[in-house]
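Below is one structure, written out as structure tokens; comments come after it.
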Amino acid sequence: MKEWVDRLPGWKQGKVYIVPTPNGLIFLAGVAIVIVAGATYNNNLIFLLGFFLFAIFVIGMVETHNNLRDLQIEALPIPDQHAGEPISIPLKLVNGGYGLRQMIELVPHKREFRYGHPLQVDEVKGHQQTVCSLVCAPLPRGVYQVPALSLSTVYPLGLFRAWMMLRAEGEFYLYPSPSGNLPLRLVEHENESSRSEAAVGHQRGDEFREHRNYQTGESFHRVDWKIFARRRRLMVKEYEGTTDRSFSVRFQDVPVRDAEKILSQMSRWLDQAKERGAPFEMILPSKRVSFGQGPNHYKECQRELARFKGAA
Amino acid sequence: MRFDDRKQRLVYLLVGLNLLPHVMTVPSWVIGVSFFFLIWRVFHHLRSWPLPQVWFMRGLVVLGTVGIVLQYGTIMGQEAATALLVLMAAAKLFELRRVRDTIVVIFLCYLLLMAKLIDSQSMEMTLFLIFDVLLITAVLAIHHAPAEQGNLRYMLRRSLMLALQAIPLALVLFVFFPRFNISLWSQTRKNASQTGFSDRLRPGSVAQLAQSDQVAFRVSFPDRQISTVQELYWRGLILTVADGLDWDKGHFQKSQPVLERPMTGQEIVQEIFLEPSSEHYLFALEWPALVMFPGDPNLRLVRTSEGRVFESKMNLFSRQYFRAFSNLSPEATVWEEPDPEIYLKVGGMVSEKVATIAHQVKQGTTSSADVADRVLKYFVDNQFSYTLEPGAMSGLDEFLLVKRKGFCEHFAGAAATILRLAGVPSRVVVGFQGGTPSLLKDYFLVRYLDAHAWVEYWDTTKKSWNRLDPVAVIAPQRLALGGAQFRELVASLDEEGNPESGVIGEWIRGGMGEFGERLKLVWDQTESLWVNFLLRYDLSFQKDILKQFGLGEYGKWLLASGAVVISLLLVVVGFLLLRKTRERVDPVLVLYRKLCSRLKVAGLDRGPSEGPQAFWLRARESFPDRERELESVFAPLIASRYGLAHLTWKERRELKSRIKTLRLSRRGGKSRSPSAPAAPLRATGTN
Amino acid sequence: MTAALKLDFSEYHLSVIRVLDKADQVILGKRPQLKLSLCCLLAQGHLLIEDIPGVGKTTLVRLLAKSLGLQSTRIQFTNDLLPADILGTTVFDPERRAFHFHKGPIFGQMVIADELNRATPKTQSACLQAMEERRVTVDGVTYTLPEPFFVVATQNPLEQAGTYPLPESQLDRFLMRIEIGYPNEGAEKQLLKGEKRDRLIETMEPILNPEDIVKIQKVVDDIHCSDAIVDYIQRVLHHTRTQSAEQWGLSPRAGLALLKAAKAWAFIEGRSMVLPEDVQEVGVSVIAHRLNRGEGFRGGVANQKALEVFQSVQVD
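Residue numbers (our numbering), protein chains in the order written: chain A, 69 to 380; chain B, 45 to 731; chain C, 493 to 808.
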């Protein structure tokens with residue numbers, strides 16, 4: 069999944085380009101009017117005003133251009149997240165130059181990644197850095213490079229827009245977006261005698277441990293209706309002993325043809341398994357992640373899903 | 045870009061400020077409507093008054109435009125365009141939907157300012173221009189600045205910095221940009237309100253004009269030094285049609301003056317900077333030979349009329365600069381014999397008594413010069429006196445027989461009439477007499493205070509017109525002192541003509557008057573310098589300057605390309621300069637950075653969070669044989685950056701050269717791993 | 493700086509170094525911790541020592557008190573300790589028929605507050621208030637605490653039952669927080685073989701006296717701190733406020749603490765000016781316990797975070 073890293077034809081990274089904005093063109097037209105008026109009335113004061121405005125225009129160009137000099141971006145560690153939501157990418161904007169850089173706008177270079185308004189950084193002092201968070205459009209699951217960004221500014225007078233293209237090193241994972249409501253598959257443990265293979269159940273007599281949020285796809289039998297009556301929330305009773313169980317998240321358990329849908333269901337299962345704190349394994353056609361527990365295990369499984377390339 | 049409250053208030057302020065100068069010149073209804081718009085908008089902002097409907101606004105703007113067209117008959121004229129601009133700028137305030145609209149309003153403010161400069165180029169206007177341009181630029185900058193920097197003081201400073209960078213480029217363009225004359229707008233104007241002479245002379249009209257101390261023109265003599273003002277008669281217009289004390293201009297064919305070159309070389313050359321006026325008269329020193337505008341060698345812009353007075357073909361609404369050449373005596377000019385039909389005619393009723401006076405005057409004279417002398421003698425013998433406040437006068441009889449007191453125009457009118465009655469062709473000349481030397485004595489300031497009227501009569505023997513000024517015998521001080529000082533003198537005398545007795549009163553009058561006059565002169569001197577610069581700088585002057593550089597022959601294209609090349613050069617220099625001077629950096633820090641980059645070249649890179657002492661230690665480890673040299677640069681740098689030591693400029697230079705000459709080779713430190721920078725937090729204790 | 497002050501400076505500096513050397517001979521291999529503790533005291537701050545039992549927290553404090561010639565008191569905090577047990581109580585003296593204030597253990601020049609987190613919040617705050625204000629008010633009468641006045645609190649990091657972790661606002665009152673850690677191999681062997689530490693401390697002669705310490709504190713206060721350092725410290729504070737998403741930034745008080753501690757460190761290093769290195773040396777101990785807010789205190793993590801702060805803030 070390296071579409072993002074495609075070559076960006078024509079734009080050289082870190083090179084500053086500059087063009088007048090529409091406002092700049094209007095300003096220039098105004099300057100032309102003033103100079104023509106000066107010539108018409110043979111009025112040197114008007115000439116002086118016209119030339120001064122033109123000089124402001126030129127200086128504005130220089131300043132706008134310099135406002136992007138020596139800027140660099142670095143990607144900060146990007147937390148994994150589910151696909152389907154806008155992606156927030158934390159970045160560090162580094163000013164390697166002496167002067168103040170102000171009013172920098174950041175936007176993904178490619179149009180399809182843009183989301184909402186450009187990110188605006190008010191100022192970065194000389195030899196300093198600032199951390200900001202860029203929001204990208206939602207993308208399908210996968211492993212992505214941090215997108216190339218286009219930095220632009222119209223500071224100080226808005227007569228010119230200078231921009232440049234920068235790329236930060238770093239990648240991030242988008243897990244499949246969780247969906248589907250098939251029940252999670254319970255695996256019998258060797259020390260447990262007999263458990264139904266179907267939905268997660270519980271045995272009366274087990275010691276009550278805690279309440280937790282109800283998740284779609286779970287059996288309604290375990291919902292604590294008293295709590296529902298009181299708090300209008302679906303809570304599930306959790307019993308001591310259920311932690312002894314473990315789950316299996318398997319590709320072949322989902323009776324759908326669409327691989328993406330399967331992955332989405334698996335992603336949801338992983339979420340559920342993590343929520344219950346029980347060990348789980350994951351089996352993909354090409355890969356098997358054996359039983360484990362904890363955030364790292366969860367991450368490993370989800371990343372496998374993100375990385376998954378077609379059914380074998 | 046945020047659209048916030050404070051920024052918008054600044055825009056209102058800006059529009060208000062730029063409407064103000066136009067209050068006097070733009071029709072009052074346009075100003076009224078514009079301020080109404082502005083105030084409505086402000087109240088909409090502050091009190092949430094409802095905004096008018098869009099169609100209503102558009103209707104108003106269309107109506108306004110139609111009104112302007114009706115008033116001026118055109119939309120292309122300068123005044124019509126200005127009025128329209130004023131209206132549009134105010135109306136645009138109702139359309140501030142996006143940031144772009146606000147920016148357009150700010151740009152319109154620049155144009156409003158420009159429109160004002162067409163009629164006014166005084167010093168005050170120049171000062172206003174500087175302030176206003178800075179302010180407008182600041183407001184423009186505020187609209188593109190981070191929110192917390194939106195305060196006006198910061199942005200004014202910022203725009204001042206921008207302006208300082210822009211000025212050199214602006215000046216270069218000003219000097220090198222090729223001047224051309226184009227006429228896109230017709231230059232008509234109806235409602236000018238400046239002071240000026242009219243085509244008629246009525247008793248008291250000059251006296252009234254002479255109340256004003258407004259500047260009429262400034263004049264300098266490039267060739268010679270003039271020390272007295274007595275003989276400075278500035279002729280403006282000639283009045284030929286007499287009716288008692290009333291004199292009119294009469295109708296004459298106007299023609300283009302003939303360039304009489306080579307002239308004799310004896311002429312007095314004058315450079316005259318005329319203040320704006322509603323008239324066309326081009327004043328010149330007595331017995332003018334020629335008047336010409338610079339850049340108009342074929343005299344297309346000047347016309348001459350009966351009696352060798354000159355007028356401008358263009359209007360003189362803005363400041364103008366011209367040169368005049370005058371002969372010292374009337375004989376140098378070839379005059380036509382005066383037409384008796386015109387120059388001997390006395391209109392209206394002439395009373396018996398006046399006719400008798402004329403008869404007496406004529407009796408026993410042999411030449412017209414004699415008659416003129418006798419007229420003066422008549423005034424002296426009959427104890428006529430000069431007054432600054434002549435009061436109303438019904439006619440010749442009242443002046444000659446009853447009051448015997450008057451201002452220059454009374455004497456001039458009466459003398460010319462008597463001369464005509466006595467058979468001597470005569471006419472009244474209106475203009476100025478005298479002037480005030482400037483502070484630096486480099487020019488004379490002629491004000492309406494100096495307005496004067498006198499007589500010219502035809503000298504039959506010399507075949508030329510001669511000047512006859514009755515004031516020369518009635519009030520010689522007026523001519524010797526000039527209008528301004530004479531007025532002061534009169535003010536300091538009491539009713540009987542003796543100096544006022546009260547010492548303090550005199551001191552106050554004299555002192556304050558003098559002080560005030562001096563202040564005026566100081567102000568005028570500065571203004572004159574500025575006017576001089578602004579008005580003189582034109583195509584011919586530009587060519588002159590370039591000629592001095594030996595570039596004269598290549599003309600405009602060279603100028604244009606020169607302007608482009610120099611602008612580009614300045615831009616490049618600007619790029620280079622602006623790169624580093626954005627932030628004031630401690631000079632010691634600059635040195636330290638130099639040292640760091642020097643060490644980096646030698647393979648020792650300072651970590652971003654590494655302190656100076658740690659870095660020094662590491663450098664010492666890497667270059668053990670350079671321990672002393674390293675100490676000689678590190679120690680003073682650390683001591684002056686973090687301690688109380690202060691490095692003088694010399695010491696800094698010394699340090700700089702030491703850093704430059706630091707010879708570093710990795711000989712000693714080769715065994716150490718260069719890629720393992722010491723952890724910045726490692727203990728670095730010296731004990 | 494006047495000549496007299498300069499003389500004082502080197503003299504005091506030497507004696508402070510002697511204190512360090514002497515203490516180093518008693519507690520083996522803990523020179524950095526000793527130096528930090530000393531630095532904290534010279535900067536007129538209170539010290540929080542956090543480590544597991546038995547690594548010599550108390551020994552270290554007693555050793556410092558002894559060699560600085562300070563009279564030390566010790567309070568063992570338990571969960572039934574009441575504020576009056578620390579501050580003192582007013583008792584009726586039947587002989588003199590008058591009320592008499594019986595000073596509590598807080599009236600010491602060096603107060604060792606052992607296992608501060610075992611006391612109830614009420615008691616803790618009484619103690620911490622005294623630390624902050626350097627005076628005690630009991631039954632409407634205000635008593636000034638002796639000068640110099642240091643509190644060295646120790647705290648057990650292990651999550652044990654019956655502890656009341658110090659709230660963030662209280663942690664802020666300690667200028668520094670240090671850990672002691674296990675001794676290294678050589679030191680440990682020597683410790684096992686050698687003389688009993690308590691006896692060594694008992695027999696030690698004080699090197700400084702309380703008046704000296706007050707004077708040294710003045711000298712430390714006068715140490716030059718250039719604008720460059722102020723800028724640097726400000727950048728550190730700014731960094732913590734803007735650069736990390738999960739924690740709150742440092743307070744202005746933390747900045748002052750950093751400056752004070754850096755000055756003291758510069759003094760111990762024998763310098764009359766503060767260098768960025770001084771700030772970095774004391775930095776972790778000063779800011780680590782102020783960085784972690786809301787998520788409970790975990791020493792190792794906090795130290796790592798503080799270290800990252802100083803590694804990423806640019807020195808100019």
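All C-beta atoms, glycine included, are put in the ideal place defined by N, C-alpha and C.
Being a predicted model, the structure only gives us computed values, none of them experimental.
- Going by DSSP, B:Gly475 is part of the beta strand (DSSP E) stretching over Ser470 to Gln477.
- His195, Gln196, Gln197, Thr198, Val199 and Ser201: these are the residues of the segment 194–224 of chain A whose beta carbon lies less than 9 Å from some beta carbon of chain C, given in chain order.
- Beta-bridge analysis with DSSP links A:Gln149 to A:Leu242.
- Residue contact with chain C for B:Arg685: present (Cβ-Cβ distance below 8 Å to some residue of chain C).
- For B:Arg268, there is no enclosing alpha helix (DSSP H), as DSSP marks it with neither H nor E.
- Measuring C-alpha to C-alpha distances from B:Arg562 to each of B:Gln529, B:Ala524, B:Ala535 and B:Val534 identifies B:Gln529 as the nearest.
- Distances from the CA of A:Ile146 to each of A:Val87, A:Pro186 and A:Glu237 were compared; the closest alpha carbon is that of A:Glu237.
- If you look at C:Ile670, you'll find it in the beta strand (DSSP E) that goes Phe666 to Ile670.
- Note on B:Gln165: 16 or more other CB atoms within 10 angstroms of its CB, so buried under the neighbour-count rule.
- Separation of the CB atoms of B:Lys136 and B:Leu152 is rounded to 6 Å, and the pair is thereby assigned contact status at 8 Å.
- Residue range Lys549 to Ser559 is occupied by the alpha helix (DSSP H) that includes C:Thr550.
- Annotated three-state conformation of B:Trp693 is helix, per DSSP.
- Look at C:Ala645 here: in three-state DSSP terms it is strand.
- Per the coordinates, the alpha-carbon of C:Gly521 lies some 59 Å from the alpha-carbon of B:Arg197.
- Each residue's CA atom was taken as its position, placing A:Asp190 and A:Glu173 some 9 Å apart.
- C:Thr636 is outside the set of residues whose beta carbon lies under 8 Å from a beta carbon in chain A.
- In the three-state reduction of the DSSP assignment, B:Gln427 falls in the coil class.
- DSSP places B:Phe81 in the helix class (H, G or I) of the three-state scheme.
- Beta-bridge annotation (DSSP): B:Ala368 is paired with B:Gln314 and B:Val335.
- Look at A:Leu159: its C-beta is not under 8 Å from any C-beta on chain B.
- For the segment 111–128 of chain A, the set of positions with a beta-carbon nearer than 9 Å to some beta-carbon of chain B reads Asn111, Asn112, Leu113, Ile114, Phe115, Leu116, Leu117, Gly118, Phe119, Phe120, Leu121, Phe122, Ala123, Ile124, Phe125, Val126, Ile127 and Gly128 in chain order.
- Interface criterion met: the Cβ of B:Pro652 is under 8 Å from a Cβ in chain C.
- Sequence-distant partners of A:Asp138 (beyond 5 residues in either direction) whose C-beta falls short of 6 Å from its own C-beta, in its chain, are Gly164 and Gly165.
- Taking 8 Å as the cut-off, the beta carbon of C:Arg566 is found no closer than this to the beta carbon of C:Pro545.
- Scanning its chain for C-beta atoms nearer than 6 Å, with the 5 sequence neighbours on each side dropped, one finds around B:Phe221 the residues Ala607, in chain order.
- Taking CB atoms only, B:Ala679 has no neighbour in chain C less than 8 Å away.
- The beta-carbon of C:Gln796 is placed no less than 8 Å from the nearest beta-carbon of chain A.
- In terms of CA proximity to C:Thr612, C:Ala576 leads the group C:Ala576, C:Thr550, C:Ala758 and C:Asp714.
- Residues of chain B whose Cβ lies closer than 8 Å to the Cβ of A:Val102 are, in chain order, Tyr154, Leu155 and Met158.
- Residues of the segment 94–122 of chain B with a C-beta less than 9 Å from any C-beta of chain C: none at all.
- Of all residues in the segment 638–666 of chain B, those with a C-beta nearer than 7 Å to a C-beta of chain C are Pro652, Ser653, Glu654, Gly655, Pro656, Gln657 and Ala658, reading in chain order.
- One alpha carbon belongs to B:Leu128, the other to B:Arg85, and they sit about 19 Å apart.
- B:Trp567 counts as exposed, since fewer than 16 other beta carbons sit within 10 angstroms of its beta carbon.
- Check the Cα spacing between C:Val778 and each of C:Phe501, C:Asp516, C:His538 and C:Ser502: the tightest is with C:His538.
- Classified as buried, C:Leu608 has 16 or more neighbouring CB atoms from the shown chains inside 10 Å of its CB.
- Within the segment 688–708 of chain B, the residues whose Cβ lies closer than 7 Å to any Cβ of chain C are, in chain order, Leu688.
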